[in-house]
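Novice: The structure that follows is given in the form of structure tokens.
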Amino acid sequence: MDELASRAAALVADHPRHARLHRIGTSRAGTPLWLLSIGHGSRHALVVAGPHANEPVGGATVLRLADRVLADPRLTEDADVTWNLLLCLDPDGSRRNEGWLAGPYTLSHYFRNFFRPGFLEQPEWLPDGADAAALPETRALLDLQDELRPFLQCSLHGVDVGGGFVELTDDLPGLAQRLAHTASRLGIPRELGAYDALYWPTLGPAVYRVPPPRRGDLAAAITEAAVESTWFHPHRHGTVTAIVEAPMWGVAAVQDSAPAADRDAALRAVSHTLRHDTGLLVAVLARIRPQLSGAPDAARLLAPVDDYLLVCPGLADAWDPGTDAGRARPLPPLSTAHLAALRIAGRRLVLRTAGLLHQLLRGTGHDPAGALPDLDRLIDTWCADYHEGLGARWIPVARQAEYQTRVVLSAFELAHRRARVGARSGESDWGAGAAVPMHRE
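Numbers in the working numbering are just positions in the sequence shown, counted from 1, shifted up by 32.
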């Protein structure tokens, strides 16, 4: 985090006429939220890095974007655009991931040092609506969106295992083709059946339409993300939001669009595995929970553990064609890519849980229940399945950031063209009226 801010400050010192760095707010722990602005145009593009604590690639991407934008006046002066790059939305959570950021870049090291706060502490979500947003990071972003009214917002995310994809609040025709070209050039697999977008409309290969938010329970919010959010908040201003996902470990199977060979058997296997693995973790937690009160910041680490263990059984039932839940909400047609994404998602949930429990136990400094060896065995076994069963391979950070940079620039060009057409339509007051809460549309 400190290096990110210092590099941004150095860039401003080198380009004082074109770049500014200012604080737009302060995190819960007192860390400044820094915004790097480039250009002096009347229209705004907003790029948000670090919305999820365990997804650091956005920090590298915004610095790379800053260099590109400063070097090309077509992106600023000629387009009458100011670029606004939020260096990190969750700096406190990001600091908790510094245990793995320096390497080695192995899955087991990553998950043993993984942190992501519970759902209610993730600053992009608005579970009670914008007016009730309590986190200072969330309030800072909402105020920035309402001040800038950007024609484009890009939220930079990182898939730990899988492939790259984009989620849009409005269609940007042509983005799927550009995404395919960029992914091919850089050797990034595209996720053609993304777990996050399992029930969402597809706008093109690896490009998905985010449905309008609606009220739902915690499980739906975590597994489908179709809740009120800072993605949709600026929609009233005519903003298109692109959520740009870049993978850390790539899996080729997520871009296999062939029909699933034995769909139901594969779904039953994924569901059975998730139930079994969740049961193992529930048993471990029952053994160690009494001693976790002495762990540093135990409540904050246990919140995501409880979230994950809450949703896993429901997901297993939803994916299982033999359960009432699976029959009540039928899955869409599934390709090999979809099945690979579901297998990855099931493993991801239990690995995150195991890693957080491992950190909690390490924090206490003692293990009277002898649970650490069991957690080590589970983490190593499940990571080996990612490597050996799914062929997960590390993608260098520079390539992740280049991929994300190119996708953002493609979205920018298409959104800017769309915004200019809209400005000529004569509907100058579009989006100026009172917004209807998205979950009531």
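C-beta: ideal position from N, C-alpha, C; glycine also.
Treat the numbers as computed from the prediction; the structure is a model and nothing was measured.
(1) So residue 192 and residue 142 are supposed to be a Cβ contact under 8 Å. How far apart are they, rounded?
(2) Under 8 Å between the Cβ atoms of residue 146 and residue 388?
(3) Would you kindly work out how many angstroms separate the C-alpha atoms of residue 121 and residue 308, rounded to a whole number?
(4) From residue 41 to residue 335, what distance separates their C-alpha atoms?
(5) Between residue 167 and residue 158, what straight-line distance do the alpha-carbon atoms span, to the nearest angstrom?
(6) What are the start and end residues of each continuous alpha helix (DSSP H) run of 4 or more residues lying completely inside the region 373-437, in chain order?
(7) Using the beta-carbon count (16 or more within 10 Å), is residue 340 buried or exposed?
(8) Out of curiosity, what's the CA-to-CA distance linking residue 56 and residue 86?
(9) Going by DSSP, which residues form a beta bridge with residue 186?
(10) What is the C-beta distance between residue 82 and residue 123, in whole angstroms, given that I count them as a contact (C-beta under 8 Å)?
(11) In whole angstroms, what is the alpha-carbon distance linking residue 403 and residue 305?
(12) Roughly how many angstroms lie between the CA atoms of residue 429 and residue 129, to the nearest whole one?
(13) Between residue 173 and residue 293, what straight-line distance do the alpha-carbon atoms span, to the nearest angstrom?
(14) DSSP on residue 363, reduced to helix/strand/coil?
(15) When DSSP labels each residue in this structure, what does residue 240 get in the three-state scheme?
(16) Where does residue 315 sit, in a helix, a strand or coil, going by DSSP?
(17) If we ignore side chains and look at the alpha-carbon of each, how far apart do residue 369 and residue 39 end up?
(18) Out of 208, 187, 90 and 49, which has the shortest C-alpha to C-alpha gap to residue 271?
(19) May I ask you to report which of helix, strand or coil DSSP gives residue 85?
(20) How long is the line joining the alpha carbons of residue 360 and residue 302, rounded to whole angstroms?
(21) So if DSSP puts residue 69 in a beta bridge, which residue, or which two residues, is it bridged to?
(22) Residue 244 to residue 374, Cα distance in whole Å?
(23) In its own chain, which residues sit with a C-beta less than 6 Å from the C-beta of residue 208, not counting the 5 before and 5 after it?
(24) Using only CA atoms, which one of 328, 263, 132 and 274 lies nearest to residue 478?
(25) Leaving out five residues before and five after residue 92 in sequence, what residues of the same chain have Cβ atoms less than 7 Å from its Cβ?
(26) Under 7 Å Cβ to Cβ from residue 291, same chain only, skipping five residues before and after it: list those, please.
(27) If you check the beta carbons only, do residue 64 and residue 190 fall under 8 Å apart?
(28) Please classify residue 216: does DSSP put it in a helix, a strand, or coil?
(29) Do the region 92-110 and the region 41-54 touch if we need at least three Cβ pairs shorter than 8 Å?
(30) Taking the alpha carbon of residue 58 as the reference point, which residue from 73, 118, 445 and 84 has its own alpha carbon closest?
Specialist: In brief:
(1) Correct: roughly 7 Å between the Cβ atoms.
(2) In this structure, residue 146 places its C-beta atom within 8 Å of the C-beta atom of residue 388.
(3) Residue 121 and residue 308 have their alpha carbons spaced roughly 35 Å apart.
(4) Straight-line Cα distance between these residues: approximately 35 Å.
(5) The straight-line gap separating the alpha-carbon atoms of residue 167 and residue 158 is approximately 10 Å.
(6) The alpha helix (DSSP H) runs lying completely inside the region 373-437 and spanning 4 residues or more are 404-416, given in chain order.
(7) Flag for residue 340 reads buried.
(8) Near 22 Å, if we compare the C-alpha coordinates of residue 86 and residue 56.
(9) DSSP lists 79 and 274 as the beta-bridge partner residues of residue 186.
(10) Going by Cβ atoms, the distance from residue 82 to residue 123 rounds to 7 Å, so yes, they are a contact pair.
(11) Distance between the alpha carbons of residue 403 and residue 305 is about 21 Å.
(12) Rounded to whole angstroms, the separation of the alpha carbons of residue 129 and residue 429 is 15 Å.
(13) Rounded to the nearest angstrom, the two C-alpha atoms are 45 Å apart.
(14) Note: residue 363 maps to coil in three-state DSSP.
(15) Three-state result, residue 240: strand.
(16) In the displayed model, residue 315 falls within a helix according to three-state DSSP.
(17) Near 39 Å, if we compare the C-alpha coordinates of residue 39 and residue 369.
(18) Nearest C-alpha to residue 271: 187.
(19) Residue 85: coil per DSSP, three-state reduction.
(20) Cα atoms of residue 360 and residue 302: separation of roughly 18 Å, rounded to the nearest angstrom.
(21) DSSP lists 52 and 116 as the bridge partner or partners of residue 69.
(22) C-alpha separation (whole angstroms): 23 Å.
(23) Setting aside the 5 residues that flank it on each side, residue 208 is surrounded in the same chain by 236, 237 and 239, each with a C-beta closer than 6 Å to its C-beta; the list follows chain order.
(24) Because the chain spans 33 through 473 in this model, residue 478 falls outside it and cannot be assessed.
(25) Answer for residue 92: 429 and 433, listed in chain order.
(26) Excluding residues within five positions, the ones whose Cβ falls inside 7 Å are 367.
(27) In this structure, residue 190 does not lie closer than 8 Å to residue 64 by Cβ.
(28) In the structure shown, residue 216 adopts helical secondary structure according to DSSP, grouped into three states.
(29) At 8 Å Cβ cutoff, the stretches touch.
(30) When only C-alpha atoms are compared, the closest one is 118.
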